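**Q**
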Amino acid sequence: MASTREIRNRIKSLKGTQQITKAMKMVAAAKVRRAQDHVMATRPYAQKLKEMFQYVAYRLAEEDLNEPLLEQREVKNVGLVIVTSDKGLCGGYNSNMLKFALSKMEEITAAGQTPKAWLVGNKAITFFRRGEVEVLGRYASLPAVPTYTEAAMLTEAATQAFLEHKVDKVVLLYTHFASMLQYKPTELTLLPVAPPEGEELPKAEYLYEPDPVTLLRSILPRYISRQILQALLESATSELAARMTAMDAATKNADDLLASLNLLYNKVRQAAITNEILEVVGGAEALNQ
Numbered sequence: 000m001a002s003t004r005e006i007r008n009r010i011k012s013l014k015g016t017q018q019i020t021k022a023m024k025m026v027a028a029a030k031v032r033r034a035q036d037h038v039m040a041t042r043p044y045a046q047k048l049k050e051m052f053q054y055v056a057y058r059l060a061e062e063d064l065n066e067p068l069l070e071q072r073e074v075k076n077v078g079l080v081i082v083t084s085d086k087g088l089c090g091g092y093n094s095n096m097l098k099f100a101l102s103k104m105e106e107i108t109a110a111g112q113t114p115k116a117w118l119v120g121n122k123a124i125t126f127f128r129r130g131e132v133e134v135l136g137r138y139a140s141l142p143a144v145p146t147y148t149e150a151a152m153l154t155e156a157a158t159q160a161f162l163e164h165k166v167d168k169v170v171l172l173y174t175h176f177a178s179m180l181q182y183k184p185t186e187l188t189l190l191p192v193a194p195p196e197g198e199e200l201p202k203a204e205y206l207y208e209p210d211p212v213t214l215l216r217s218i219l220p221r222y223i224s225r226q227i228l229q230a231l232l233e234s235a236t237s238e239l240a241a242r243m244t245a246m247d248a249a250t251k252n253a254d255d256l257l258a259s260l261n262l263l264y265n266k267v268r269q270a271a272i273t274n275e276i277l278e279v280v281g282g283a284e285a286l287n288q
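For the sequence shown, the residue numbers in numbering that gives the first Met the number 0 are 0 to 288.
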């Protein structure tokens, strides 16, 4: 059985760890609310831009636009944009995304295609460091609130690879934020940009200025960048929510461990006192004899 000194040291160490997890929970809670507000505020714009693009693309689907980003060709290489975090201590956020990415790669390979990847976040970069997949780009140390700068970098890399036929399809893998307790890995096909089916067509009617073709070519890069930015924002918010939940659970677990250690400490201390009393009594009896 451990000594009282050892138990006291464990209690002291555990209290220090608990203070850290509690502080991390509070920081994540403060950040996640701002991030959540930002995501909710930007979703309508992203959705409306998507609807506008879908409407124009659908109306021009029968025309020969000669637009490379709309080109449907045989898929031999699939580029995956895999979004993870730079830091850990966020529960299953990264592991779920990496499992999802591996599953997607297996699916691509089974179809006779070759997966390639752009890795966003140190966790993805570290995970694929052994060359499991051909890496087309690595992006780390993104700001807590992603901006168009980061989205533009990924947009340029993905479109350039598509135009140069390095990949024939680009799929974005990110974590969709639903609520503080619900966020799941999601995929979105970025390239080639496909017009929607008839039943998915937006209800609104649009007037074109200057003309549909010019408008479509103007919207295309913005549409792709906006989808990437929204995915980065959703992932960042999911990461903070996962970290807040994980640190809350760690803090509560520390409380349970402290209660167990305090009980053990009292038992050991009581046993030591009892032994000392028995020794004193035994010594007194020996003297009396």
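Yeah, the Cβ is synthetic: ideal placement off N, Cα and C, and Gly gets one too. Everything numeric in this text was worked out from a predicted model, so none of it was measured.
What do you get for residue 255, buried or exposed, if any count of 16 or more other CB atoms within 10 angstroms of its CB means buried?
**A** Counted from its first residue, the sequence shown places residue 255 at position 256. By the 10 Å Cβ count, residue 255 comes out exposed.
**Q** Taking the alpha-carbon of residue 19 as reference, which of 242, 161, 263, 101 has the nearest alpha-carbon?
**A** Residue mapping note: residue 19 aligns to position 20 of the sequence shown, counting from 1. Closest by alpha carbon: 242.
**Q** For residue 1, does the three-state DSSP call read helix, strand or coil?
**A** Working through the sequence shown from its first residue, we reach residue 1 at position 2. Residue 1: coil per DSSP, three-state reduction.
**Q** Could you tell me how far apart the beta carbons of residue 126 and residue 97 are, in whole angstroms, since I believe they sit closer than 8 Å?
**A** Locating residue 126 in the sequence shown gives position 127, where the first residue counts as 1. Locating residue 97 in the sequence shown gives position 98, where the first residue counts as 1. The Cβ separation is near 5 Å, so the contact holds.
**Q** Give the straight-line distance between the Cα atoms of residue 265 and residue 9, rounded to the nearest whole angstrom.
**A** As a working note, residue 265 is residue 266 in the sequence shown. As a working note, residue 9 is residue 10 in the sequence shown. Between residue 265 and residue 9, the C-alpha separation is close to 14 Å.
**Q** Please work out which residues of its chain come closer than 7 Å, Cβ to Cβ, to residue 132, disregarding the five sequence neighbours upstream and downstream, and give them in chain order.
**A** Looking up residue 132 in the sequence shown gives position 133. Around residue 132: 104, 114, 115, 116.
**Q** State the Cα-Cα distance for the pair residue 34 and residue 144, rounded to the nearest angstrom.
**A** For this step, residue 34 is matched to residue 35 along the sequence shown. For this step, residue 144 is matched to residue 145 along the sequence shown. Between residue 34 and residue 144, the C-alpha separation is close to 7 Å.
**Q** Which two residues bound the contiguous alpha helix (DSSP H) that contains residue 207?
**A** Taking the sequence shown and counting its residues from 1, one reaches residue 207 at position 208. Premise fails: residue 207 is in no alpha helix (DSSP H) and is neither H nor E.
**Q** Whole beta strand (DSSP E) runs in the stretch 134-179 with 3 or more residues, listed along the chain?
**A** Listed in chain order, the complete beta strand (DSSP E) runs (minimum 3 residues) inside the stretch 134-179 are 168-178.
**Q** Any idea what DSSP makes of residue 240, helix, strand or coil?
**A** In the sequence shown, residue 240 corresponds to position 241, counting from 1. If DSSP states are grouped into helix, strand and coil, residue 240 belongs with the helices.
**Q** Keeping to the same chain, check which residues put their C-beta closer than 7 Å to that of residue 154; ignore five residues upstream and five downstream.
**A** For the purposes of this step, residue 154 is taken as residue 155 along the sequence shown, with counting starting at 1. The residues are 220, 223, 224, 227.
**Q** Would DSSP call residue 118 helix, strand or coil?
**A** Counting from one through the sequence shown, the residue named residue 118 turns up at place 119. Reduced to three states, the DSSP call for residue 118 is strand.
**Q** For residue 103, report the span of its beta strand (DSSP E) as first-last.
**A** Locating residue 103 in the sequence shown gives position 104, counting from the first residue. Segment 92-109 is the alpha helix (DSSP H) holding residue 103; no beta strand (DSSP E) there.
**Q** Report yes or no: do three or more beta-carbon pairs, one from the stretch 244-252 and one from the stretch 30-50, lie closer than 8 Å?
**A** Cβ pair count under 8 Å is below three, so no.
**Q** Here's the rule: buried if 16 or more other CB atoms are within 10 angstroms of the residue's CB, otherwise exposed. What is residue 167?
**A** Taking the first residue of the sequence shown as 1, we reach residue 167 at position 168. The residue is buried, with at least 16 neighbouring Cβ atoms inside 10 Å.
**Q** Take residue 26 as the anchor and find which of 275, 244, 272 has the nearest alpha-carbon.
**A** One-based indexing of the sequence shown puts residue 26 at position 27. Considering only alpha carbons, the answer is 244.
**Q** Using CA coordinates, which residue listed in 120, 89, 79 is at the minimum distance from residue 101?
**A** Counting from one through the sequence shown, the residue named residue 101 turns up at place 102. Selected option, being the one with the closest Cα: 79.
**Q** Output needed for residue 123: all residues of its chain with C-beta closer than 6 Å, excluding positions within five of it in sequence on either side, in chain order.
**A** Numbered from its first residue, the sequence shown carries residue 123 at position 124. Hits under 6 Å: 81, 83.
**Q** Less than 8 Å between the beta carbons of residue 38 and residue 233, yes or no?
**A** Translated into positions along the sequence shown, residue 38 becomes position 39. Translated into positions along the sequence shown, residue 233 becomes position 234. Closer than 8 Å, so yes.
**Q** Since residue 76 is in the beta strand (DSSP E), which residue starts that stretch and which ends it?
**A** Translated into the one-based positions of the sequence shown, residue 76 becomes position 77. Start and end: 76-82.
**Q** How many angstroms separate the CA atom of residue 55 from the CA atom of residue 158?
**A** By one-based count along the sequence shown, residue 55 stands at place 56. By one-based count along the sequence shown, residue 158 stands at place 159. One C-alpha to the other measures close to 20 Å.
**Q** At which residues does the beta strand (DSSP E) containing residue 183 begin and terminate?
**A** For the purposes of this step, residue 183 is identified with residue 184 of the sequence shown, where counting begins at 1. Residue 183 -> beta strand (DSSP E) spans 181-190.
**Q** Do residue 230 and residue 173 have their C-beta atoms closer together than 8 Å?
**A** Your numbering for residue 230 matches position 231 in the sequence shown. Your numbering for residue 173 matches position 174 in the sequence shown. Yes, they are a contact pair.
**Q** Who pairs with residue 113 in a beta bridge, going by DSSP?
**A** The sequence position of residue 113 within the sequence shown is 114, counting from 1. DSSP lists 76 as partners of residue 113.
**Q** Using DSSP with H/G/I as helix, E/B as strand and the rest coil, what is residue 86?
**A** Here residue 86 corresponds to residue number 87 of the sequence shown, with the count starting at 1. Coil.
**Q** Are residue 59 and residue 206 close, meaning C-beta to C-beta below 8 Å?
**A** Within the sequence shown, numbered from 1, the residue matching residue 59 stands at position 60. Within the sequence shown, numbered from 1, the residue matching residue 206 stands at position 207. Result no, Cβ atoms of residue 59 and residue 206 do not sit closer than 8 Å.
**Q** Using the C-alpha atoms, what's the distance from residue 21 back to residue 1?
**A** Working through the sequence shown from its first residue, we reach residue 1 at position 2. Working through the sequence shown from its first residue, we reach residue 21 at position 22. Looking at the two C-alpha atoms, the distance is approximately 28 Å.
**Q** Please report how far the alpha carbon of residue 142 lies from the alpha carbon of residue 4, in whole angstroms.
**A** Stepping through the sequence shown from its first residue, residue 142 is reached at position 143. Stepping through the sequence shown from its first residue, residue 4 is reached at position 5. Approximately 44 Å, taken between the alpha carbons.
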